[in-house]
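> Could you have a look at this structure, given as structure tokens, before my questions?
2 protein chains.
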Amino acid sequence: MQNITRPLALFLLVWATSVIAEGQIPSPSHEIAYPTGWQSWSTIAVSHRTDNKTIRVILGNEVAVKAARMGNTNPWPDGAILGKVVWKDTQLDTWNAATVPGNFVHAEFMFKNSKEYVQSYGWGWARWVGLEKKAFNKGAQVCTSCHTPVKDRDWVFTDPAIFPK
Amino acid sequence: MQNITRPLALFLLVWATSVIAEGQIPSPSHEIAYPTGWQSWSTIAVSHRTDNKTIRVILGNEVAVKAARMGNTNPWPDGAILGKVVWKDTQLDTWNAATVPGNFVHAEFMFKNSKEYVQSYGWGWARWVGLEKKAFNKGAQVCTSCHTPVKDRDWVFTDPAIFPK
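Going down the list, the sequences are from chains A and B.
Just so you know, we're using our numbering here: the first sequence kicks off at 1 and counts up by one.
Just so you know, we're using our numbering here: the second sequence kicks off at 1001 and counts up by one.
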């Protein structure tokens, strides 16, 4: 009987853990809560990087997309959230001159609030790494040091892509 | 008086034309109506092509995005619309190893309806070119000949990117 019980218990443990992980809200990153629903946000732009071999989409919440479409981006309005979803750049089997998203790297976000985040140039900076959505907590200065080249563009690299009406 | 009237008339002509063009619904492509609202659809994937120097986002209507997230893509369900938005690949001034959307090239769409479009492999194929959204009407075979490498994948190149919940 014990021969059956132990594998069954192990199976149930794994199953229950995966169910709980699926429904779990990730821990905050730099004290910022994980933004639910970002997976269905509209697109603001895309980008491709040869230095770290990644391909990306830049999404926005409603405030950010409205601002992007109207060109109201320097500064971005309070309430705007920009999301950058990053995958490893991977050759497409069926079209060799194309690259597409491979493994998921991370999703990172900028939360505009010129009062709350005055210490970090008007933005809250957050990142969740990997499929397990591990909160990045090494400090916003890791983010802002990389974004310094665009400090005169309200700290944002992205130019909204043209979306004809 | 005539010196003032002619420039004024010219200005009004240009202005009125642009206003009319802005509100105009584009002509059908391959007898398919322009899908309004695609600019706010959710992202399914992105791609980067070195052969024609373009960068793209692949969007979907609600039926398509739901199917993509559930892996229900061979075949895609009737009612799914996939949109591919194409820009010229352009180096980013503020990060030289990155490329981003430059000039808008076209937006093209696949409309899944296994009964209506039985002659073209279950899909309606449509494209609107440039900022003027000029309807492409050279025949669906122009589209399907390029998509032949993926005929066993319901004629779709795109693998939905991973969007962790």
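Backbone N, C-alpha and C fix where the C-beta goes; we use that ideal spot for every residue, glycine too.
If you're wondering where the values come from, they're calculated on a predicted model, not measured in any experiment.
Which residues mark the beginning and the end of the beta strand (DSSP E) in which Glu-108/A is found?
Numbered from its first residue, the first sequence carries residue 108/A at position 108. First-last of the beta strand (DSSP E) with Glu-108/A: 95-112.
> Out of curiosity, what's the CA-to-CA distance linking Ser-1114/B and Pro-1028/B?
The residue you call residue 1114/B lines up with position 114 of the second sequence. The residue you call residue 1028/B lines up with position 28 of the second sequence. Cα-Cα distance, rounded: 20 Å.
> Should the region 1132-1148 of chain B be called in touch with the region 1086-1096 of chain B, which here means at least 3 C-beta pairs below 8 Å?
no
> For chain B, check one thing: does any of its Cβ atoms lie closer than 8 Å to the Cβ of Asp-182/A?
Residue 182/A is absent from the structure shown; chain A starts at 1 and stops at 165.
> Could you tell me if Pro-160/A is buried or exposed, where buried requires 16 or more neighbouring beta carbons within 10 angstroms of its beta carbon?
As a first step, residue 160/A is located in the first sequence; it is residue number 160 there, counting from the start. Its Cβ being crowded by 16 or more others within 10 Å, Pro-160/A is buried.
> Using a Cβ-Cβ cut-off of 8 Å (strictly less than) and excluding sequence neighbours within five positions of Gly-1130/B, which residues of its own chain qualify?
Locating residue 1130/B in the second sequence gives position 130, counting from the first residue. Counting only Cβ-Cβ distances below 8 Å, and skipping sequence neighbours, we find Phe-1104, Val-1105 and His-1106.
> Here's the rule: buried if 16 or more other CB atoms are within 10 angstroms of the residue's CB, otherwise exposed. What is Glu-31/A?
Position 31 of the first sequence, counting from 1, holds the residue named residue 31/A. Glu-31/A should be labelled exposed.
> Per DSSP, what kind of secondary structure is Ala-1135/B in: helix, strand or coil?
Here residue 1135/B refers to the residue found at position 135 of the second sequence. Strand, per DSSP.
> Output, in chain order, the set of chain A residues within a Cβ distance shorter than 9 Å of Thr-1094/B.
For this step, residue 1094/B is matched to residue 94 along the second sequence. Correct list: Pro-149, Val-150, Arg-153 and Phe-157.
> Output, in chain order, the set of chain B residues within a Cβ distance shorter than 7 Å of Arg-49/A.
What you label residue 49/A is simply residue 49 of the first sequence in a count that begins at 1. The contacting residues are Ala-1097 and Ala-1098.
> Could you please give the first and the last residue of the uninterrupted beta strand (DSSP E) stretch that includes Ala-126/A?
As a working mapping, residue 126/A is identified with position 126 in the first sequence. Where Ala-126/A is concerned, the enclosing beta strand (DSSP E) stretches over 123-129.
> Which residues share a DSSP beta bridge with Leu-59/A?
On the first sequence, position 59 is the one that residue 59/A refers to. The partner list for Leu-59/A (beta bridge, DSSP) reads Thr-43/A and Gly-83/A.
> So if DSSP puts Leu-1092/B in a beta bridge, which residue, or which two residues, is it bridged to?
Numbered from its first residue, the second sequence carries residue 1092/B at position 92. Per DSSP, Trp-1095/B.
> Anything in the region 1129-1144 of chain B with a Cβ closer than 9 Å to a Cβ of chain A? List those residues in chain order, please.
Gly-1130, Leu-1131, Glu-1132 and Lys-1133
> Could you give the distance in angstroms between the alpha-carbon of Phe-1109/B and the alpha-carbon of Pro-1149/B?
Numbered from its first residue, the second sequence carries residue 1109/B at position 109. Numbered from its first residue, the second sequence carries residue 1149/B at position 149. So the alpha carbons of these two residues sit roughly 18 Å apart.
> Do we get a CB-CB distance below 8 Å when we pair Thr-73/A with the residues of chain B?
Residue 73/A sits at position 73 when you count from the first residue of the first sequence. Closer than 8 Å: no.
> Quick check on the burial criterion: 16 or more other C-beta atoms within 10 angstroms. Buried or exposed for Thr-1043/B?
Taking the second sequence and counting its residues from 1, the one referred to as residue 1043/B is at position 43. Buried.
> For Ala-1033/B, count the other beta carbons within 10 Å of its own beta carbon; 16 or more makes it buried, fewer makes it exposed. Which is it?
As a working note, residue 1033/B is residue 33 in the second sequence. By the 10 Å Cβ count, Ala-1033/B comes out exposed.
> What residue range is occupied by the uninterrupted alpha helix (DSSP H) comprising Ser-1145/B?
For the purposes of this step, residue 1145/B is taken as the residue at position 145 of the second sequence. Where Ser-1145/B is concerned, the enclosing alpha helix (DSSP H) stretches over 1140-1147.
> Please compile the residues from chain A whose C-beta is within a distance smaller than 8 Å of the C-beta of Thr-1032/B.
Mapped onto the second sequence, residue 1032/B falls at position 32. Here residue 1032/B turns out to be Ile, not Thr, going by the sequence shown. The contacting residues do not exist; Ile-1032/B stays about 17 Å from chain A at best.
> To which residues of the same chain is Tyr-117/A closer than 6 Å at the C-beta, ignoring the five residues directly before and after it?
Position 117 of the first sequence holds residue 117/A. Cβ neighbours of Tyr-117/A beyond the five flanking positions: Trp-123 and Gly-124.
> To the nearest angstrom, report how far apart Trp-128/A and Lys-1112/B are at their CA atoms.
As a working note, residue 128/A is residue 128 in the first sequence. As a working note, residue 1112/B is residue 112 in the second sequence. Near 35 Å, if we compare the C-alpha coordinates of Lys-1112/B and Trp-128/A.
> Could you have a look at Ser-29/A and say whether DSSP puts it in helix, strand or coil?
Against the first sequence, residue 29/A aligns to sequence position 29. DSSP places Ser-29/A in strand when its eight states are reduced to three.
> Gly-1083/B to Leu-8/A, Cα distance in whole Å?
Within the second sequence, residue 1083/B is the residue found at index 83, counting from 1. Within the first sequence, residue 8/A is the residue found at index 8, counting from 1. Take the alpha-carbon of Gly-1083/B and the one of Leu-8/A: they are about 46 Å apart.
> Counting only the same chain and skipping the five closest in sequence on each side, list residues whose C-beta sits under 7 Å from that of Thr-1054/B.
Translated into positions along the second sequence, residue 1054/B becomes position 54. Closer than 7 Å at Cβ, skipping near neighbours: Val-1086, Trp-1087, Lys-1088, Asp-1089 and Val-1105.
> Contact criterion: CB-CB distance below 8 Å. Does Pro-35/A meet it with respect to chain B?
Locating residue 35/A in the first sequence gives position 35, where the first residue counts as 1. By this cut-off, Pro-35/A is not an interface position.
> What are the residues that DSSP puts in a beta bridge with Arg-1069/B?
As a first step, residue 1069/B is located in the second sequence; it is residue number 69 there, counting from the start. Paired residues: none, contrary to the question.
> For Trp-1087/B, would you say it is in contact with chain A, using Cβ-to-Cβ distances shorter than 8 Å as the test?
The sequence position of residue 1087/B within the second sequence is 87, counting from 1. Interface residue, yes.
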